[in-house]
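Sequential numbering of the sequence shown, starting at 33, is according to this note's numbering.
Think of the CB as a built atom: it goes at the ideal place given N, C-alpha and C, for glycine as much as any other residue.
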Amino acid sequence: MVTQSSTDLLSKEGESVTFNCTYSAGYPTLMWYLQEPSNSIIFIQHDQSTTDDLIPRFKHRFYATFVPKERFFTLTISPVTAEDSGIYYCVLRLTVIKCHYTGVQEKEGYEVR
Numbered sequence: 033m034v035t036q037s038s039t040d041l042l043s044k045e046g047e048s049v050t051f052n053c054t055y056s057a058g059y060p061t062l063m064w065y066l067q068e069p070s071n072s073i074i075f076i077q078h079d080q081s082t083t084d085d086l087i088p089r090f091k092h093r094f095y096a097t098f099v100p101k102e103r104f105f106t107l108t109i110s111p112v113t114a115e116d117s118g119i120y121y122c123v124l125r126l127t128v129i130k131c132h133y134t135g136v137q138e139k140e141g142y143e144v145r
């Protein structure tokens, strides 16, 4: 389960704003998306992104912090511009770890070694 800070945030141009996201279990990949007023949805970054991975619009202003032990993922925008208006989504995608197990069943009269 993902919990995102749900309050509406208002700020002035030039200020900072931070969005918080926590999750309850697993080893997910976490991502931030922006839904613009035009309803376009733009990928911002995931928990392993670096500044170099960001599109020019977000570089050097959008910063994510991922703390796996605390199950915490934040997005800070500084400085904020009018272009940053919209709805921000924290998205969790669970990583499935595939494990193989071969069970051995004893048959009557046979010993398993």
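Of all alpha-carbon atoms in 105, 80, 111, the one lying nearest the alpha-carbon of residue 89 is that of 111. DSSP places residue 100 in the helix class (H, G or I) of the three-state scheme. Residue 77: member of the beta strand (DSSP E) spanning 73–78, first to last residue. About 6 Å separates the beta carbons of residue 48 and residue 108, which is inside the 8 Å limit, making them a contact pair. For residue 62, the enclosing beta strand (DSSP E) covers residues 60–67. The shortest C-alpha to C-alpha distance from residue 52 to any of 125, 98, 68, 116 is the one to 98. Residue 55 sits buried, since 16 or more C-beta atoms from the chains shown fall within 10 Å of its C-beta. Beyond the five residues adjoining it in sequence on each side, residue 81 comes within less than 7 Å, by CB distance, of 96 in the same chain, given in chain order. For residue 49, the uninterrupted beta strand (DSSP E) run begins and ends at 49–55, by DSSP. Burial state of residue 76 is buried, judged by a 10 Å Cβ sphere holding 16 or more other Cβ atoms.
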